[in-house]
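Read top to bottom, the protein sequences are chains S and A.
Following our numbering, the numbering of the first sequence begins with 62 at its first residue and continues without gaps.
Following our numbering, the numbering of the second sequence begins with 2 at its first residue and continues without gaps.
By construction, the Cβ of each residue, glycine as well, lies at the ideal position given by its N, Cα and C atoms.
Here the structure is a predicted model, which is why all the values come from computation and not from measurement.
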Amino acid sequence: MVDVQQEIRGYIVDKILFDDGEILDENLSFQESGILDSTGFLELITFIEERFGIEISDWELIPENFDTLRKVAGFVQSKKQKNGLDCKLKAGG
Amino acid sequence: MCGIAGIFNMMGNDGVSLNALQSMVGALYHRGPDESGCYLDDRIGLGHARLSIIDLAGGTQPIHNEDKSLWIVYNGETYNYQELRGQLQQKGHNFYTDSDTEVILHLYEEYGADCLNRMNGQFALAIWDVKKRQLFLARDRVGIRPLYYTIAGNTLIFASEIKAIFVNREVSREIDPVAMDQIFTFWTTLGPRTVFKDIYELPPGHYMKISHGKSTLKKYWDIPFYSRSEQFDSAPAEICEQIRELLMDAVRIRLRADVPVGCYLSGGLDSSAVAGMVVRNFNHDTRTFGIRFEQKGFDEGEHQNRMVSWLKANHTEILSTNDKIGISLPECLWHCEKPILRTSPVPLFLLSELVNQSGLKVVLTGEGADEVFGGYNIFKEAKIRRFWSRYPGSQRRAGLIDKLYPYIFDNPRLRRSMRSFFARGLDGVNDPFFSHLIRWGNTSRIKKFFSAELRDTIGDYDGYLQVRENLSPDYEKWDYLSRAQYLEMSIFLSNYLLCSQGDRVAMAHSLEIRLPYLDPRVMELAARVQAKWKILGTNEKYILKRAFQNILPDQILRRSKHPYRAPISQSLLNGKAAPLTKDMLSESALKRTGLFDSNKVAKLQRKIRDMDNPGEIDSMALVGILSSQIIYHQFIEDFSVQTNFMHPRNLLIDRRAQVIQYTN
């Protein structure tokens with residue numbers, strides 16, 4: 062869980078915030094704080110699908126599942142478990 | 002079309018250096034390569050670079066009145082000059098040229114500053130009243146022609162372009178931090194500020210009088226909009242008839258020139274209508290010019306070709322390749338004189354070169370129609386979001402947004418979530434900036450790349466506050482579309498569209514653009530058209546399309562709006578421009594200018610390089626940062642203007658040694 066969250070955090074900090082991510086508390090709402098715009102959201106979804114090898118179905122694609130770091134990490138984690146996928150991340154992504 | 006320049010000793014009578022004035026005129030060579038002229042007395046120097054269009058033989062400037070007590074340098078065209086000339090002759094004014102410039106001077110002599118309300122045209126001018134020792138500077142209503150000034154000590158220096166002001170060594174050259182904040186919010190500075198500290202523009206629709214060390218700035222015109230009770234109740238058919246008639250006349254008087262006039266043709270409704278009117282009604286040999294792109298998403302060739310064959314026009318096109326866009330960006334910026342957030346000015350810069358090489362000096366364009374008749378997506382987006390806000394839960398209403406931005410909504414899986422981003426701020430319908438908040442908010446995201454020092458200097462400056470303070474007092478009385486149009490026109494039109502995509506990139510290659518949709522009579526008429534006829538449902542520019550029914554091909558009329566854009570990352574990060582981009586965005590270059598955070602910019606470059614299709618804001622950030630760096634390099638760090646020894650010197654009036662009788 063922590064690893065997944067760290068990795069998603071790293072992505073957001075590096076590719077969306079471009080800074081050290083100081084404000085990125087795990088419960089900070091992406092939409093309310095304006096961290097993610099529509100493009101950022103698309104990029105995040107693409108990253109998650111590719112990086113963790115999970116398929117997100119249409120009905121799951123709602124901002125509520127992706128609005129905080131904690132929610133995203135929790136969602137990814139549960140998907141991985143549900144899909145019975147190997148939880149080992151590909152080294153280096 | 003031309004360039005003007007001047008140096009005014011506001012307090013003393015030390016005279017003005019001819020060399021300094023000629024250097025300023027020299028910096029404007031591209032605006033007026035045909036002739037140049039100077040006037041000097043013990044107070045002032047007026048300079049002029051001429052692109053001869055009307056009265057080729059006799060219109061050499063500066064021009065004077067009968068007793069040589071008034072002198073004018075003038076950049077522009079006044080299309081109704083023939084009518085005005087007749088009226089002035091009846092009042093006893095005598096003319097020694099056939100130019101419009103001389104008409105304007107006598108019009109000023111007759112009516113003072115009120116002359117501006119009688120002029121239908123595009124202009125920036127300076128008139129020196131020798132007797133009163135008063136300088137009069139003025140600019141056309143919407144700001145088609147540029148005019149900048151600065152005050153250094155007791156000297157006022159003005160010119161059509163900032164580079165001509167900077168050739169004076171006593172003028173300091175610095176980036177204005179607040180201007181950076183404005184550009185990275187509104188896409189442009191808020192007048193009178195420019196990106197350079199202490200350099201101001203004379204705002205559109207304003208004039209300034211300076212005498213005895215005092216200056217007064219006055220607005221003589223504002224963008225017209227009306228409350229519902231002041232708008233037309235006529236049937237659309239009747240309004241269409243008026244629009245057709247007025248536009249036809251706006252085109253007719255814009256063809257007045259002693260040189261051939263061409264047309265830009267993009268394949269969209271606005272330029273097609275103008276080219277159509279010209280070719281079908283006035284001159285079937287008119288040449289047309291268009292831009293083509295390598296990539297399908299940008300190219301409008303299919304529609305352009307359709308219009309060309311329909312008009313049987315003598316058409317020439319330029320292929321604006323990614324490479325050409327990239328390598329031409331610095332030269333284009335030299336003319337824009339400000340950071341830009343898109344590469345779209347560059348193809349227009351390339352197009353004007355093509356027209357110039359084809360031997361033409363004047364073209365008519367379709368610019369302004371989207372502002373005046375409600376063509377932009379931002380207007381529709383606001384209308385849809387307002388409609389949606391009444392039932393925020395309605396997916397049907399939300400779905401209307403999808404069609405506006407097909408590139409965002411092309412993945413059906415993501416539709417619902419994408420919509421949620423447009424639902425942000427739906428409760429803010431009463432905010433006066435409701436229509437523009439999403440755009441300004443998104444653009445402001447780029448400010449995260451500002452360096453800590455730049456952010457500190459900007460402090461808590463709030464651009465919205467300034468826009469709010471400058472809103473028309475009648476703003477709240479207008480319908481929502483008019484409000485959005487007003488914001489678009491008062492902020493974006495003059496300082497971006499007419500500048501970086503208008504005058505500057507055309508005049509870079511000595512080309513004058515003329516804009517029938519911005520004829521004040523057309524704007525006045527459009528302001529009285531109800532919002533529902535401008536955007537009917539979600540059909541933008543409905544009334545304009547209807548006015549051109551049976552005049553333009555159906556495919557052109559039915560075409561949905563294709564925003565004019567140019568490739569960004571493909572042009573700047575790949576191919577021939579890549580080394581320059583790398584250099585300008587290197588850690589050392591970024592540290593030298595001090596405007597941006599070099600770590601963040603490095604991350605941005607890496608991200609964009611890794612993506613096939615980078616996002617809108619990231620792409621805008623790339624252009625914004627790169628163009629700021631180039632502007633800094635060209636104007637602050639390494640400023641130099643090359644003297645063109647080809648510039649003919651046709652007129653020099655040197656009265657510096659004369660004793661002049663003043664009235665006070």
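Residue i: first and last residue of the uninterrupted alpha helix (DSSP H) it sits in
i, result
"Phe350(A)", "Pro346 to Gln358"
"Arg112(S)", "Ser99 to Phe113"
"Tyr112(A)", "Asp101 to Tyr112"
"His634(A)", "No alpha helix (DSSP H) holds His634(A); DSSP gives it neither H nor E."
"Trp335(A)", "Asn323 to Cys337"
"Cys500(A)", "Per DSSP, Cys500(A) belongs to no alpha helix (DSSP H) and is neither H nor E."
"Asn471(A)", "Asn471(A) -> no alpha helix (DSSP H), and no H or E assigned at all."
"His304(A)", "Gly302 to Leu312"
"Arg566(A)", "Unbroken run through Arg566(A): none, as it is neither H nor E."
Proximity test, Cβ basis, 9 angstroms: residue i and chain A
i, result
"Gly153(S)", "Only weak support is given to the placement of Gly153(S): the predicted model assigns it a pLDDT of 43, under 50, and the value that follows is read from those uncertain coordinates. No, its Cβ sits nowhere closer than 9 angstroms to a Cβ of chain A."
"Glu68(S)", "no"
"Gly135(S)", "no"
"Asp147(S)", "The pLDDT assigned to Asp147(S) is 48, lower than 50, so where the model puts this residue is not dependable, and the model offers no usable value."
"Ile73(S)", "no"
"Ile106(S)", "yes"
"Thr100(S)", "yes"
"Leu130(S)", "no"
"Ile115(S)", "no"
"Gly95(S)", "yes"
"Gln92(S)", "yes"
"Ile109(S)", "no"
"Asp64(S)", "no"
"Asp86(S)", "no"
Pairwise C-alpha distance: residue j and residue i
i, j, result
"Ile145(A)", "Ile447(A)", "28 angstroms"
"Ala214(A)", "Tyr150(A)", "Note on residue identity: the sequence assigns Gly, not Ala, to residue 214(A). So the two alpha carbons sit approximately 15 angstroms from each other."
"Val373(A)", "Tyr227(A)", "13 angstroms"
"Val131(A)", "Gly60(A)", "21 angstroms"
"Ala579(A)", "Glu111(A)", "57 angstroms"
"Ile459(A)", "Thr186(A)", "13 angstroms"
"Asp98(S)", "Asp80(S)", "17 angstroms"
"Arg229(A)", "Gln531(A)", "7 angstroms"
"Ile402(A)", "Lys546(A)", "22 angstroms"
"Leu247(A)", "Cys116(A)", "22 angstroms"
"Ser483(A)", "Met524(A)", "12 angstroms"
"Gly442(A)", "Gln635(A)", "29 angstroms"
"Thr217(A)", "Asp504(A)", "26 angstroms"
"Phe159(A)", "Lys362(A)", "25 angstroms"
"Arg387(A)", "Lys297(A)", "33 angstroms"
"Leu553(A)", "Arg307(A)", "11 angstroms"
Extent of the continuous beta strand (DSSP E) to which residue i belongs
i, result
"Val262(A)", "Val262 to Tyr265"
"Tyr75(A)", "Leu71 to Thr79"
"Gln135(A)", "Gln135 to Arg140"
"Phe159(A)", "Thr156 to Ala160"
Contact with chain S by residue i, beta-carbon distance below 9 angstroms
i, result
"Gly464(A)", "no"
"Gly33(A)", "no"
"Leu415(A)", "yes"
"Gly429(A)", "no"
"Glu382(A)", "no"
"Gly616(A)", "yes"
Short CB-CB distance (under 9 angstroms) between residue i and chain D
i, result
"Lys143(S)", "Although the question refers to chain D, the structure presented lacks it and instead comprises the protein chains S and A."
Nearest-angstrom beta carbon gap, residue j and residue i [assumed within contact, 8 angstroms]
i, j, result
"Leu351(A)", "Ser395(A)", "Actually they are not in contact, since the Cβ atoms of Leu351(A) and Ser395(A) sit about 46 angstroms apart, beyond 8 angstroms."
"Ser628(A)", "Leu191(A)", "So it is not a contact: roughly 19 angstroms between Cβ atoms."
"Ile5(A)", "Asn76(A)", "5 angstroms"
"His49(A)", "Val17(A)", "In fact, because the Cβ distance is near 14 angstroms, the residues do not count as touching under 8 angstroms."
"Ala567(A)", "Ser345(A)", "5 angstroms"
"Phe102(S)", "Thr129(S)", "No, Phe102(S) and Thr129(S) are not in contact; Cβ-Cβ is about 13 angstroms, not under 8 angstroms."
"Pro340(A)", "Gly625(A)", "6 angstroms"
Checklist entry - Are the stretch 32–45 of chain A and the stretch 643–661 of chain A touching, with three or more C-beta to C-beta distances below 8 angstroms? => result Short answer: they touch.
Checklist entry - Taking one C-beta from the stretch 416–423 of chain A and one from the stretch 452–470 of chain A each time, how about it: are there three or more such pairs within less than 8 angstroms? => result Short answer: they don't touch.
Checklist entry - Taking three-plus beta-carbon pairs below 8 angstroms as touching, is the stretch 373–382 of chain A in contact with the stretch 536–550 of chain A? => result Because the criterion of three Cβ pairs below 8 angstroms is met, the stretch 373–382 of chain A and the stretch 536–550 of chain A touch.
Checklist entry - Hey, is the stretch 631–648 of chain A in contact with the stretch 162–175 of chain A, meaning 3+ C-beta pairs nearer than 8 angstroms? => result Using a C-beta cut-off of 8 angstroms, the stretch 631–648 of chain A makes contact with the stretch 162–175 of chain A, since at least three inter-stretch Cβ pairs fall below that distance.
Checklist entry - Given 8 angstroms as the limit, is there contact between the stretch 103–113 of chain A and the stretch 251–264 of chain A, that is, 3 or more CB pairs closer than that? => result As far as the Cβ criterion goes, the stretch 103–113 of chain A does not touch the stretch 251–264 of chain A, which means the pair count is below three.
Next on the checklist: Measuring CB atoms only, is the stretch 47–58 of chain A touching the stretch 492–500 of chain A, in the sense that at least three cross pairs come out at less than 8 angstroms?
Outcome noted: Flag = no, the stretch 47–58 of chain A and the stretch 492–500 of chain A do not touch.
Next on the checklist: Is it the case that the stretch 464–477 of chain A contacts the stretch 299–306 of chain A, given that we only count it when at least three CB pairs across the two stretches are under 8 angstroms?
Outcome noted: Fewer than three beta-carbon pairs drawn from the stretch 299–306 of chain A and the stretch 464–477 of chain A are found closer than 8 angstroms, and the two stretches are therefore not classed as touching.
Checklist entry - Are the stretch 359–377 of chain A and the stretch 510–518 of chain A touching, with three or more C-beta to C-beta distances below 8 angstroms? => result Counting Cβ pairs under 8 angstroms, three or more are found: they touch.
Checklist entry - Is the stretch 274–284 of chain A touching the stretch 579–594 of chain A, taking contact as three or more C-beta pairs under 8 angstroms? => result Between the stretch 274–284 of chain A and the stretch 579–594 of chain A, the count of Cβ pairs shorter than 8 angstroms is below three; the stretches do not touch.
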